[in-house]
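Enquirer:
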Amino acid sequence: MKLLPNLDYNFKEYMDLLVEPVKTSLLLNSIKYKVFDHLKNFETPETITEILGTHLINTTHFLNALASCEFIIKKDGKYKNSPKADLYLVSDSEYYLGEAITFNYEWYRPAVENLPQLVEKGPESYSDLKSESDELWKNVTRIFEKFQKTGTAKQFAEKIVKLPEFGNFKKMLDLGCSAGLIGMSITAEHPEMKCVLLDKPMVAETTKKIVAEHNMTNRVEVMGADYLSEPIGEGYDLIIASATLYFAKNNISEVTKKIFEALNPGGIFVSYHEGFFNEDTQPVNLVLSWMGSMLTGQNISYSKGELASEMLKAGFSSVHSETTRDIFGDMEFEVARKL
178 MKLLPNLDYN
188 FKEYMDLLVE
198 PVKTSLLLNS
208 IKYKVFDHLK
218 NFETPETITE
228 ILGTHLINTT
238 HFLNALASCE
248 FIIKKDGKYK
258 NSPKADLYLV
268 SDSEYYLGEA
278 ITFNYEWYRP
288 AVENLPQLVE
298 KGPESYSDLK
308 SESDELWKNV
318 TRIFEKFQKT
328 GTAKQFAEKI
338 VKLPEFGNFK
348 KMLDLGCSAG
358 LIGMSITAEH
368 PEMKCVLLDK
378 PMVAETTKKI
388 VAEHNMTNRV
398 EVMGADYLSE
408 PIGEGYDLII
418 ASATLYFAKN
428 NISEVTKKIF
438 EALNPGGIFV
448 SYHEGFFNED
458 TQPVNLVLSW
468 MGSMLTGQNI
478 SYSKGELASE
488 MLKAGFSSVH
498 SETTRDIFGD
508 MEFEVARKL
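Per the working numbering, residue 178 is the first one in the sequence shown, and the count goes up by one each step.
1. Once the 5 residues before and after V464 are set aside, which same chain residues still bring their CB inside 8 angstroms of it?
2. Since N291 and Y272 are thought to touch, with beta carbons under 8 angstroms apart, how far apart are those beta carbons, to the nearest angstrom?
3. Which ranges does the alpha helix (DSSP H) cover as unbroken runs of at least 4 residues, wholly within the region 241 to 302, from first to last along the chain?
4. Please go through the same chain and pick out, in chain order, the residues whose beta-carbon is closer than 6 angstroms to the beta-carbon of S448, but skip the five residues on each side of it.
5. Could you check the C-alpha separation between S430 and N441 for me, to the nearest Å?
6. For K435, I'd like the list of residues in its chain whose CB is within less than 7 angstroms of its CB, leaving aside the five on either flank, ordered along the chain.
7. Given a cut-off of 7 angstroms on the beta-carbon distance, is the pair D414 and K348 in contact?
8. Thinking just about the alpha-carbon of each residue, which of L489, N218 and G357 is nearest to the one in G254?
9. How long is the line joining the alpha carbons of R286 and T201, rounded to whole angstroms?
10. Applying the criterion that 16 or more other CB atoms from any shown protein chain within 10 Å of the CB defines a buried residue, is H232 buried or exposed?
11. Inspect the beta-carbon positions of T329 and S355 and report whether they are closer than 7 angstroms.
12. Since M370 is in the beta strand (DSSP E), which residue starts that stretch and which ends it?
13. In terms of alpha-carbon separation, which member of G469, Y423, N395 and I278 lies closest to I320?
14. G506 bridges to which residues according to DSSP?
15. In chain order, what are the residue ranges of uninterrupted beta strand (DSSP E) at least 3 long that sit wholly in the region 378 to 403?
16. At which residues does the beta strand (DSSP E) containing K348 begin and terminate?
17. Cα separation between E247 and Y210?
18. Output the boundary residues of the beta strand (DSSP E) element that contains N441.
19. Evaluate V461 with the Cβ neighbour count: other Cβ atoms within 10 Å of its Cβ, from every protein chain shown; 16 or more gives buried, anything less gives exposed.
20. Do K515 and G444 have their beta-carbon atoms positioned less than 7 angstroms apart in this structure?
21. Leaving out five residues before and five after G474 in sequence, what residues of the same chain have Cβ atoms less than 6 angstroms from its Cβ?
22. For A485, name the three-state secondary structure that DSSP assigns.
23. Between the Cα of L295 and the Cα atoms of S486, L472, F213 and S478, which residue gives the shortest distance?
24. What residue range is occupied by the uninterrupted beta strand (DSSP E) comprising D414?
25. Return yes when the Cβ of K326 is within less than 7 angstroms of the Cβ of L358, no when it is not.
26. Under a three-way DSSP split, which group does F188 fall into?
27. Tell me whether Q325 sits in a helix, a strand or coil according to DSSP, three-state version.
28. Check whether the Cβ atoms of K261 and L216 lie closer than 7 angstroms to each other.
29. Quick one, are the C-beta atoms of G401 and A381 less than 7 angstroms apart?
30. Could you check what DSSP says for H215 in three-state terms: helix, strand or coil?
31. Under a three-way DSSP split, which group does F453 fall into?
Structure follows, in structure tokens:
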């Protein structure tokens with residue numbers, strides 16, 4: 178009789194992965210149908226079906242699945258948002274992330290829906306890339322405002338405040354600032370420092386409105402310029418670049434040198450970007466999130482230590498790097514100092 182072997186591994190992780198796309202679909206379609214807008218209070222499936230104009234039995238299955246994922250709560254046959262869904266997934270919430278989540282998914286879509294095509298035929302076979310119109314950039318700026326508002330700006334500011342030189346800063350630059358909340362959050366933590374927010378003119382148009390909405394116009398200036406090809410100003414004590422140097426991938430040496438020259442003696446440059454390691458196979462969350470871009474010929478990511486090396490080449494006397502985890506995964510927080 179042949180006995181069954183004692184295996185060192187099981188295949189649960191593979192089976193678990195088959196369920197993850199269902200969870201993603203539940204979230205994206207709930208946002209699409211604005212389900213969470215109608216679940217601020219406990220509601221019956223009949224009420225939700227009537228509002229959405231959907232099939233009662235399948236809508237009940239849909240709501241049960243949302244409850245199983247803890248997006249919503251089910252009690253006594255009725256459904257209501259979880260506290261987190263009320264905060265982030267109700268469209269009239271100040272912190273609504275529905276548009277931001279669906280926008281971000283577009284970067285993952287090629288790897289999810291077009292993987293065989295792209296692997297077999299290459300990036301030229303994919304024609305669904307977004308055009309970089311002024312209107313698109315305006316909309317994207319408001320989307321990034323949501324991400325910055327819901328935690329990333331505060332988290333970044335807390336790190337900058339801990340720098341021993343922080344109290345002596347007089348002027349800072351948020352390079353490629355997008356919505357500008359990171360630069361504004363840092364400025365708000367300092368008693369007198371002035372701040373320049375710099376991004377492309379079509380982005381800066383929206384950023385100016387956001388600065389005014391936060392009553393920061395007395396300390397924050399918005400500059401519309403392409404930092405790849407135009408001047409970025411001078412006399413800064415601090416320059417930050419958070420998830421923006423991807424655009425400088427092809428001329429990162431020139432941009433890093435420009436940053437170095439724009440700083441005062443004793444100035445600091447802080448970079449916040451990912452860093453691939455282990456032969457570009459780790460960290461897994463970043464490898465997977467960049468997959469769609471890479472497959473479509475947009476490999477603008479960095480390896481761990483690559484940006485730090487560029488900083489030293491540009492003339493910075495030292496670079497301190499640490500890996501930190503935010504909502505997007507593991508990122509490299511790198512502080513370069515100029516003598």
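The C-beta atom is built at its ideal place from N, Cα and C for all residues, glycine as well.
Expert: With the structure as the only source:
1. F453, D457 and T458
2. Incorrect: roughly 32 angstroms between the Cβ atoms, too far for contact.
3. 260 to 265, 275 to 290 and 292 to 298
4. A418, L484 and E511
5. 19 angstroms
6. I409
7. yes
8. N218
9. 12 angstroms
10. exposed
11. no
12. No beta strand (DSSP E) holds M370; DSSP gives it neither H nor E.
13. I278
14. D503
15. 397 to 401
16. K348 to L352
17. 18 angstroms
18. L440 to H450
19. exposed
20. yes
21. P300
22. helix
23. L472
24. Y413 to S419
25. yes
26. coil
27. helix
28. no
29. yes
30. helix
31. strand
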